[in-house]
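A.B. asks: Numbering (my numbering), first residue to last: 3 to 379.
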């Protein structure tokens, strides 16, 4: 099996052989719902940070008992998976006020609507500011220190500054390697598709980071001899919130739109910015996670808009597709503003509303085909 094949497999299932081997050695796995949760602190505690997904869910029948029909379907499917015991491999869960939907789903975990996998099960909801300024960084530093101490108290471990520094270096290496992968996508004939890139990013939060880094280094070497993809009608940037299904991008690419970059939380927003390695670790983490490329939960649209414009130029993007989960408030507002800005710049842009499960595929296919026909390269 090639490294590329190894790295694209974890996206297909909730767990994978890497996690199973970790658990066989009595390793702890901590799930987290948002990229504003610092994986470095979990890693420094000797645990495996796992980005929460609902992969494999076929319905949200149980989740719908405790979530309104106006809640986004990712949250309803994830809650359903939890109630069915699909997250039995977890030893804890960390969330934050990413949005009202995530916050209320966390309440279902906290207030006993779910049969927790272990007792005592670690639960933590971080208080992350919504502004990007110096007071927010200071607040975040205090919150991350409390998070650190809560992990120490619950699991009876010690998270030293030296362990944090080493975890920062390890996670920064992962970010640099992913940046190297995305650099290859700037080529006229990129050696990876957008669907493959999404699967690889998902793998980065679904296995021990050291194993991921080793496989990614190997894969980057393999790509040097791989033929690029040149048979496409348009180079696309895919923006939006929660997207963990490579098949969604695969459908777009089958129609001739090659996704060469993204603005996703399973994408550039997760890994684009590094943590300072020569500063006090908690302060450095607070600075990075507040000042990183933000998501629409943060009051920071002008900076996000500039970042997307820069991506369009650097990756020679012909058009932008915004994928938005139905009832996602954050991307309902952000997507509309992004469309306004794209129109000013003369960049073709469309918004696709979707459910968590791939439904109305025929309608999506028709809309994407029509959009691609409006793009002239």
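Note that the Cβ used here is the ideal one computed from N, Cα and C, for glycine as well.
Out of 298, 65, 142, point me to the one whose CA is closest to residue 332's CA.
C.D. replies: Working through the chain shown from its first residue, we reach residue 332 at position 330. For the residues 298, 65, 142, the minimum Cα distance to residue 332 belongs to 298.
A.B. asks: Name the DSSP bridge partner or partners of residue 94?
C.D. replies: Mapped onto the chain shown, residue 94 falls at position 92. The partner list for residue 94 (beta bridge, DSSP) reads 32, 124.
A.B. asks: Since residue 51 sits in a beta bridge, which residues does DSSP pair it with?
C.D. replies: For the purposes of this step, residue 51 is taken as residue 49 along the chain shown, with counting starting at 1. Per DSSP, 32.
A.B. asks: Residue 257 by DSSP, collapsed to three states: which one?
C.D. replies: Numbered from its first residue, the chain shown carries residue 257 at position 255. Reduced to three states, the DSSP call for residue 257 is coil.
A.B. asks: Keeping to the same chain, check which residues put their C-beta closer than 6 Å to that of residue 380; ignore five residues upstream and five downstream.
C.D. replies: Because the chain is modelled from 3 through 379, residue 380 falls outside the range shown and cannot be assessed.
A.B. asks: Pairing CB atoms from the stretch 264-281 with CB atoms from the stretch 151-166, are three or more of them under 8 Å?
C.D. replies: The answer is no - the stretch 151-166 does not touch the stretch 264-281, with fewer than three Cβ pairs under 8 Å.
A.B. asks: One question on the structure: do residue 142 and residue 44 come within less than 8 Å of each other, judged by their Cβ atoms?
C.D. replies: On the chain shown, position 140 is the one that residue 142 refers to. On the chain shown, position 42 is the one that residue 44 refers to. No, they are not a contact pair.
A.B. asks: From 35, 28, 266, 218, pick the residue whose C-alpha is nearest to that of residue 323; which is it?
C.D. replies: For the purposes of this step, residue 323 is taken as the residue at position 321 of the chain shown. Residue 266 is the option with its Cα nearest to residue 323.
A.B. asks: Between the alpha carbons of residue 22 and residue 28, how many angstroms are there, rounded?
C.D. replies: Numbered from its first residue, the chain shown carries residue 22 at position 20. Numbered from its first residue, the chain shown carries residue 28 at position 26. Taking the straight line joining both Cα atoms gives about 10 Å.
A.B. asks: In angstroms, rounded to a whole number, what distance separates the CA positions of residue 222 and residue 194?
C.D. replies: Position 220 of the chain shown holds residue 222. Position 192 of the chain shown holds residue 194. Their Cα atoms are separated by approximately 10 Å.
A.B. asks: Just to check my reading of the structure: residue 283 and residue 20 have Cβ atoms closer than 8 Å, yes? What is that Cβ distance to the nearest angstrom?
C.D. replies: The count along the chain shown starts at 1 and reaches residue 283 at position 281. The count along the chain shown starts at 1 and reaches residue 20 at position 18. In fact, because the Cβ distance is near 26 Å, the residues do not count as touching under 8 Å.
A.B. asks: Considering only the alpha carbon of each residue, which of 261, 341, 189 lies closest to residue 238?
C.D. replies: Translated into the one-based positions of the chain shown, residue 238 becomes position 236. Cα-wise, what sits closest to residue 238 is 261.
A.B. asks: With 16 other CB atoms within 10 Å as the buried threshold, where does residue 371 fall?
C.D. replies: As a working note, residue 371 is residue 369 in the chain shown. With fewer than 16 other Cβ atoms within 10 Å, it is exposed.
A.B. asks: Taking DSSP's pairing of strands, which residues face residue 236 in a bridge?
C.D. replies: Counting from one through the chain shown, the residue named residue 236 turns up at place 234. Per DSSP, 259.
A.B. asks: Less than 8 Å between the beta carbons of residue 144 and residue 125, yes or no?
C.D. replies: Taking the chain shown and counting its residues from 1, the one referred to as residue 144 is at position 142. Taking the chain shown and counting its residues from 1, the one referred to as residue 125 is at position 123. It is not a contact, given that the beta carbons lie outside the stated cut-off.
A.B. asks: Identify whether residue 69 lies in helix, strand or coil by the three-state DSSP scheme.
C.D. replies: Counted from its first residue, the chain shown places residue 69 at position 67. Note: residue 69 maps to coil in three-state DSSP.
A.B. asks: Using the Cα positions of residue 208 and residue 17, report the straight-line distance between them to the nearest angstrom.
C.D. replies: As a working note, residue 208 is residue 206 in the chain shown. As a working note, residue 17 is residue 15 in the chain shown. Taking the straight line joining both Cα atoms gives about 7 Å.
A.B. asks: When DSSP builds the beta bridges, which residues end up paired with residue 146?
C.D. replies: The residue labelled residue 146 in the question sits at position 144 within the chain shown. Answer by DSSP bridge pairing: none, since residue 146 is not bridged.
A.B. asks: Quick check: the stretch 213-221 against the stretch 39-57, are at least 3 beta-carbon pairs closer than 8 Å?
C.D. replies: Judged by Cβ distances under 8 Å, the stretch 39-57 makes no contact with the stretch 213-221, as fewer than three pairs qualify.
A.B. asks: What is the DSSP secondary structure of residue 270, counted as helix, strand or coil?
C.D. replies: Numbered from its first residue, the chain shown carries residue 270 at position 268. In the structure shown, residue 270 sits in a helix (DSSP, three-state: H, G or I).
A.B. asks: For residue 296 versus residue 311, is the C-beta distance shorter than 8 Å?
C.D. replies: Within the chain shown, the letter at position 294 stands for residue 296. Within the chain shown, the letter at position 309 stands for residue 311. No, they are not a contact pair.
A.B. asks: From residue 274 to residue 173, what does the alpha carbon distance come to, in whole angstroms?
C.D. replies: Numbered from its first residue, the chain shown carries residue 274 at position 272. Numbered from its first residue, the chain shown carries residue 173 at position 171. About 12 Å.
A.B. asks: Whole angstroms is fine: what's the gap from residue 345's alpha carbon to residue 196's?
C.D. replies: Position 343 of the chain shown, counted from the first residue, corresponds to residue 345. Position 194 of the chain shown, counted from the first residue, corresponds to residue 196. Looking at the two C-alpha atoms, the distance is approximately 24 Å.
A.B. asks: Can you find the residues in the same chain that come closer than 7 Å, C-beta to C-beta, to residue 80, ignoring five residues on each side of it along the sequence?
C.D. replies: Looking up residue 80 in the chain shown gives position 78. Once the five neighbours on either side are set aside, the close Cβ partners of residue 80 are 54, 56, 107.
A.B. asks: Report the residue from 264, 140, 31 whose alpha carbon sits nearest the alpha carbon of residue 309.
C.D. replies: Here residue 309 refers to the residue found at position 307 of the chain shown. Considering only alpha carbons, the answer is 264.
A.B. asks: Residue 202 to residue 175, Cα distance in whole Å?
C.D. replies: Here residue 202 refers to the residue found at position 200 of the chain shown. Here residue 175 refers to the residue found at position 173 of the chain shown. Distance between the alpha carbons of residue 202 and residue 175: 15 Å.
A.B. asks: Going by C-alpha distance, which of 356, 339, 170 is nearest residue 285?
C.D. replies: Your numbering for residue 285 matches position 283 in the chain shown. Per the Cα distances, 170.
A.B. asks: Quick one: measure Cβ to Cβ for residue 244 and residue 76, integer angstroms, because I've assumed they're closer than 8 Å.
C.D. replies: In the chain shown, counting from the first residue as 1, residue 244 sits at position 242. In the chain shown, counting from the first residue as 1, residue 76 sits at position 74. With 8 Å as the limit, residue 244 and residue 76 qualify as a contact, their Cβ atoms being about 5 Å apart.
A.B. asks: Taking the C-alpha atoms as reference points, what is the distance between residue 378 and residue 63?
C.D. replies: On the chain shown, position 376 is the one that residue 378 refers to. On the chain shown, position 61 is the one that residue 63 refers to. Whole-angstrom Cα-Cα distance: 44 Å.
A.B. asks: Name, in chain order, the residues that DSSP records as bridge partners for residue 352.
C.D. replies: The count along the chain shown starts at 1 and reaches residue 352 at position 350. In DSSP, residue 352 forms a bridge with 323.
A.B. asks: Reducing DSSP to helix, strand and coil, say where residue 206 ends up.
C.D. replies: Position 204 of the chain shown, counted from the start, is the residue given in the question as residue 206. Residue 206 falls in the coil class under three-state DSSP.
A.B. asks: Note down, in chain order, each residue of its chain lying with its Cβ closer than 8 Å to the Cβ of residue 313, except the 5 sequence neighbours on either side.
C.D. replies: On the chain shown, residue 313 is found 311 positions in, with the first residue counted as 1. Excluding positions up to five away in sequence, the list reads 239, 263, 265, 270, 319.
A.B. asks: Please confirm whether residue 96 and residue 302 have their CB atoms less than 8 Å apart.
C.D. replies: Your numbering for residue 96 matches position 94 in the chain shown. Your numbering for residue 302 matches position 300 in the chain shown. Cβ atoms of residue 96 and residue 302: not closer than 8 Å.
A.B. asks: Within the continuous alpha helix (DSSP H) that includes residue 19, where are the two ends?
C.D. replies: What you label residue 19 is simply residue 17 of the chain shown in a count that begins at 1. Per DSSP, residue 19 belongs to the alpha helix (DSSP H) from 19-26.
A.B. asks: Measure the beta-carbon distance from residue 259 to residue 236 and round it to whole angstroms, keeping in mind my assumption that it falls under 8 Å.
C.D. replies: Numbered from 1 along the chain shown, position 257 holds the residue referred to as residue 259. Numbered from 1 along the chain shown, position 234 holds the residue referred to as residue 236. The pair is a contact, with the Cβ atoms about 5 Å apart (cut-off 8 Å).
A.B. asks: For residue 388, which residues in the same chain have their Cβ closer than 8 Å to its Cβ, ignoring the five residues on either side in sequence?
C.D. replies: Nothing can be reported for residue 388: it is not among the residues displayed for the chain, which extend from 3 to 379.
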